[in-house]
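Student: Residue numbers (this note's numbering): 1438 to 1709.
Mind looking over this structure? Questions follow.
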Amino acid sequence: MTTHRQAPGPVAAPSSSPSSSPSGAQYLLRIDDLTPRMEPGCWPALVALIRRHALQPILAVIPDCQDPALNRTQPNPQFWPELRALQQAGAAIGLHGYRHLCQSRGYGLVPMHRSNEFVGLPAATQHDWIRHGIQLLHQQELTPTLWVAPRHGFDRTTLQALQANSIRIVSDGFGTAPYRRFGCIWLPQQLWQPRLHARGLWTLCIHPATLTPASLASLASFLDQHAHRFTSVPRVLNEWPIPAASLATHLQSLRGSLRLHARRLLRPQTSA
Ligand SMILES: [Zn+2]
C-alpha cells in the first residue's frame, strides 16, 4: 500500500535529484481514454482496485471527446465527481489530447502510429487545443499535470505548447527510468499488461473500455502481490534521478517504438 498522499496541483520537479534510483522495480498505473460518455466496462472495478490499494494512478482524461469509438453512452453524471475524488486522493490528471480525433498523419517523437491527433499541426492550433483542453478540465476542477498523447502522437511543437501552459511532464517513450528531453521530464510507458521486473520504473497503461475480465483479474492478482511497488508521479519526481536523455536512452526509445509498432500490426488493440 502506498503511504504518501499528495494534494492535487501543479507538479514540479525538485531542484536537485537523488544520485541513485530506488532499489527494486516501481510501477505507475495509467488509465487512458477517460471520458464521461465512455462504455463503463471495467472502470468501476478499476476504481475499486485503486481505492482498495490506495493507488495514486495517472488518469488520462480527454477534455472534449469527439471520438465515436469512445462516446458510447449518455454522459455519466458520476464521472466528474469520481475523478475529482480520485484526484483528491492523489491521482495525477493527464491531459489526454483534446478531442481524441486522430486525423493528422505523420510520425512524431514516439513513432508508433502514423495517424494521431497532434503531429505536424501548426503551432497556433496545437497551442489553442492544449490551452482549451486545460481550461475544460479546470472547469471540472481537475488540474492536469502531465501529457498523455493519444496514439503516442506529439512533436516538439506539442511540447512547446505544453510548456507554455505549465505542463512539463510527459508519460511516454521507452527506457527504464525517467529522463529529461526537449525541456520536459519523460516518464516512460512500456507495459499494457502486468509484468514483474527486478528494477526500473514501469508505467502500466490500461484502457478500461476494452479491458477484458481476464486482464482485469490478472491486474487484480498482480496488485495483491505487488501493490507496494506502485508509486505516484510526485514520488517519482522526488525519488528518482532525472538526467538528460543519453544517446543510449534515445536508442532504447527508438528500439522500443519500432518493436511496439511491429507488434501493433499483429495486435492492433494495444497502445492506442
Ligand atoms: Zn486514447
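Don't be surprised by glycine CBs; every beta carbon is placed ideally from N, CA and C.
#1: What does the alpha-carbon distance come out to for the pair Ala-1547 and Ala-1598?
#2: Checking the sheet assignment: what are the DSSP bridge partners for Cys-1621?
#3: May I ask you to list the residues that DSSP assigns as paired with Asn-1553?
#4: Under the three-state reduction of DSSP, which class applies to Gln-1689: helix, strand or coil?
#5: Any heavy atom of ligand 1 closer than 7 angstroms to the beta-carbon of His-1634?
#6: Curious, which full-length alpha helix (DSSP H) runs of at least 4 residues does the segment 1556 to 1625 contain?
#7: So Ile-1679 and Pro-1615 are supposed to be a Cβ contact under 8 angstroms. How far apart are they, rounded?
#8: Between the C-alpha atoms of Ser-1458 and Leu-1583, what's the straight-line distance to the nearest angstrom?
#9: Beta-carbon within less than 7 angstroms of Gly-1637's beta-carbon, same chain only, minus the 5 sequence neighbours each way: which residues are those?
#10: For His-1550, verify whether its CB is less than 7 angstroms away from any heavy atom of ligand 1.
#11: Hey, how far is the Cα of Val-1607 from the Cα of Trp-1677?
#12: Between the C-alpha atoms of His-1634 and Ile-1643, what's the straight-line distance to the nearest angstrom?
#13: Please tell me whether, using a cut-off of 7 angstroms, the distance from the CB of Asp-1470 to the nearest non-hydrogen atom of ligand 1 is below it.
#14: Using the Cβ count rule (16 or more neighbours within 10 Å means buried), how would you classify Gly-1531?
#15: Inspect the beta-carbon positions of Gln-1577 and Trp-1517 and report whether they are closer than 8 angstroms.
Tutor: To lay it out plainly:
#1: Correcting the residue type first, residue 1547 is Val in the shown sequence and not Ala. One C-alpha to the other measures close to 17 angstroms.
#2: Arg-1618
#3: Ser-1541
#4: helix
#5: no
#6: 1560 to 1576 and 1593 to 1601
#7: 5 angstroms
#8: 21 angstroms
#9: Ala-1462, Thr-1613 and Ala-1614
#10: no
#11: 15 angstroms
#12: 18 angstroms
#13: yes
#14: buried
#15: yes
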